[in-house]
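Read in order, the letters of the sequence shown are residues -23 to -1, 1 to 238 in mature numbering (1 follows the signal peptide of the UniProt record, and there is no 0).
Below: one structure, written as structure tokens.
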Amino acid sequence: MTMRKSLFFLFLLILLHSCKGLKGVSGTETANASLQAKDIISTHKLASPKFSTMAGRIKVEYEDERKSQSMTVSLRMEKDKKIWIKASLLGITLAKVLITPERVSYYETISNTYFDGDFSLLSKWLGTEVDFEKTQAILLGQTMFNMNKSSYTSEVVNNKYKLSPKRQLENFIHSLFLNPDNFKVASATLSQPRANRMLTVNYGPYQQIDGAYYPSEISINSKEGDSRTKIEVTYRKIDLNVSVSFPFDIPQGFEPIDLGR
């Protein structure tokens, strides 16, 4: 169960887009302690990507208590409409996923199983809310949280802008650190104490191509009880605004994943 949940998180997180230049508060190498939270949030939101399609390849290293594995992930995207992902090892397809704003379809060749349903079913099973927008955002260096400008406070910590909600929910404690030069996410944490669950995302240096900032490396660490999972993502080939297709058919004979297990 833990391994399969981690695989779902992996495929839902492995997304990439290009970003246009920012038009807002100017970035500097040193964080400005007088900058208000609303201005920091506004400038961060302006880092949202603008593109039509994308195709790329990513190296993913996965590790838990039982095993470690490295795989190559191919992905294609039509912005705000479709995300297609294929994971392979030594040229052999391990899994495919097709994500739309309404639906998640996934199959895994190792176990001959599949999932085909909406985000509400998947969110219930994973134990945390998942949707298309969050899936798009996280690997952009954009926040996974719905941030209301008036509901957050800011401070400078270790030359990063730290954003925290004025009122933390009892079972949804989170914080966000942004880089002062590009207002992209340096790290994000989410804790659910009652479920003994924590998710941490750390971003390495950001690459700049044609005025666009996006991560070169991302480290994703999750903990649930005594179970721990680590995913390292390294970006490789990226092609923007190219012709893409989304072939996806669940093979015959595959069994549906039992979300009640």
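Glycine residues also receive a C-beta, built at the ideal position from the N, C-alpha and C atoms.
Which of helix, strand or coil does DSSP assign to S(-6)? Start at 1 with the first residue of the sequence shown, and residue -6 comes out as number 18. Reliability of the predicted coordinates at S(-6) is poor, the pLDDT of 31 falling under 50, and the value obtained from them is presented with this limitation in mind. Of the three classes helix, strand and coil, the one that applies to S(-6) here is coil, per DSSP.
Output yes or no for whether 8 Å exceeds the beta carbon distance between P228 and Y84. The sequence position of residue 228 within the sequence shown is 251, counting from 1. The sequence position of residue 84 within the sequence shown is 107, counting from 1. Result yes, Cβ atoms of P228 and Y84 sit closer than 8 Å.
At least one CB of chain C closer than 8 Å to the CB of K56: is that the case? The structure shown contains no chain C, having only a single protein chain.
How many Å lie between L140 and A165 at the Cα? Reading the sequence shown from its first residue, position 163 is the one you call residue 140. Reading the sequence shown from its first residue, position 188 is the one you call residue 165. Straight across, the Cα-Cα distance linking L140 with A165 is about 10 Å.
At the level of alpha carbons, what is the spacing between I234 and I76? In the sequence shown, counting from the first residue as 1, residue 234 sits at position 257. In the sequence shown, counting from the first residue as 1, residue 76 sits at position 99. Roughly 17 Å between the two C-alpha positions.
Quick one: using the 10 Å Cβ neighbour count with 16 as the cut-off for buried, is P157 buried or exposed? Residue 157 sits at position 180 when you count from the first residue of the sequence shown. Flag for P157 reads buried.
From L153 to F225, what does the alpha carbon distance come to, in whole angstroms? Indexing the sequence shown from 1 puts residue 153 at position 176. Indexing the sequence shown from 1 puts residue 225 at position 248. Distance between the alpha carbons of L153 and F225 is about 35 Å.
Using the C-alpha atoms, what's the distance from E232 back to N159? Position 182 of the sequence shown, counted from the start, is the residue given in the question as residue 159. Position 255 of the sequence shown, counted from the start, is the residue given in the question as residue 232. Approximately 45 Å between the Cα atoms of the pair.
How many Å lie between N9 and V133 at the Cα? To locate residue 9, count along the sequence shown from 1; it is residue 32. To locate residue 133, count along the sequence shown from 1; it is residue 156. If you take the alpha carbons of N9 and V133, they lie about 8 Å apart.
At which residue ranges does the segment 38 to 124 contain complete beta strand (DSSP E) runs of 3 or more residues, listed in the order of the chain? 45 to 55, 59 to 66, 69 to 76, 81 to 85 and 90 to 94
Quick check: the Cα distance between K22 and L12, rounded to an integer number of angstroms? To locate residue 22, count along the sequence shown from 1; it is residue 45. To locate residue 12, count along the sequence shown from 1; it is residue 35. Looking at the two C-alpha atoms, the distance is approximately 16 Å.
Taking the alpha carbon of L146 as the point to measure from, which residue in Q113, L71, I215 and R171 has its own alpha carbon closest? Taking the first residue of the sequence shown as 1, we reach residue 146 at position 169. The candidate whose alpha carbon is nearest that of L146 is R171.
Pick from V37, K15, E6 and R53 that is closest to T206, judged by C-alpha positions: As a working mapping, residue 206 is identified with position 229 in the sequence shown. Of the listed residues, the one whose Cα sits closest to T206 is V37.
To the nearest angstrom, report how far apart I87 and L71 are at their CA atoms. Counting from 1 along the sequence shown, the entry for residue 87 is found at position 110. Counting from 1 along the sequence shown, the entry for residue 71 is found at position 94. Their backbone Cα atoms lie some 6 Å apart in a straight line.
Which term fits S47, buried or exposed, when burial requires 16 or more other beta carbons within 10 angstroms of its beta carbon? Indexing the sequence shown from 1 puts residue 47 at position 70. It is exposed - the Cβ of S47 has fewer than 16 other Cβ atoms within 10 Å.
What span of residues does the beta strand (DSSP E) with A165 cover, start to end? The residue labelled residue 165 in the question sits at position 188 within the sequence shown. Segment V162 to Q169, the beta strand (DSSP E) holding A165.
When K137, K143, A114 and N135 are compared against K126, the one with the closest alpha-carbon: Counting from 1 along the sequence shown, the entry for residue 126 is found at position 149. Comparing Cα-Cα distances from K126 to each of K137, K143, A114 and N135, the minimum goes to K143.
Looking only at its own chain, which residues have a Cβ that is under 7 Å from the Cβ of N173, when we skip the five neighbours before and after it? Here residue 173 refers to the residue found at position 196 when the sequence shown is read from its first residue. Result list for N173: E201 and G202, in chain order.
Could you check if C(-5) is buried or exposed, using at least 16 other CB atoms within 10 Å of its CB as the buried criterion? Mapped onto the sequence shown, residue -5 falls at position 19. Annotation note: pLDDT 32 at C(-5) (below 50); position unreliable, no value reported.
T20: first and last residue of the uninterrupted beta strand (DSSP E) it sits in: Against the sequence shown, residue 20 aligns to sequence position 43. Unbroken run through T20 is the alpha helix (DSSP H), A14 to K22; no beta strand (DSSP E).
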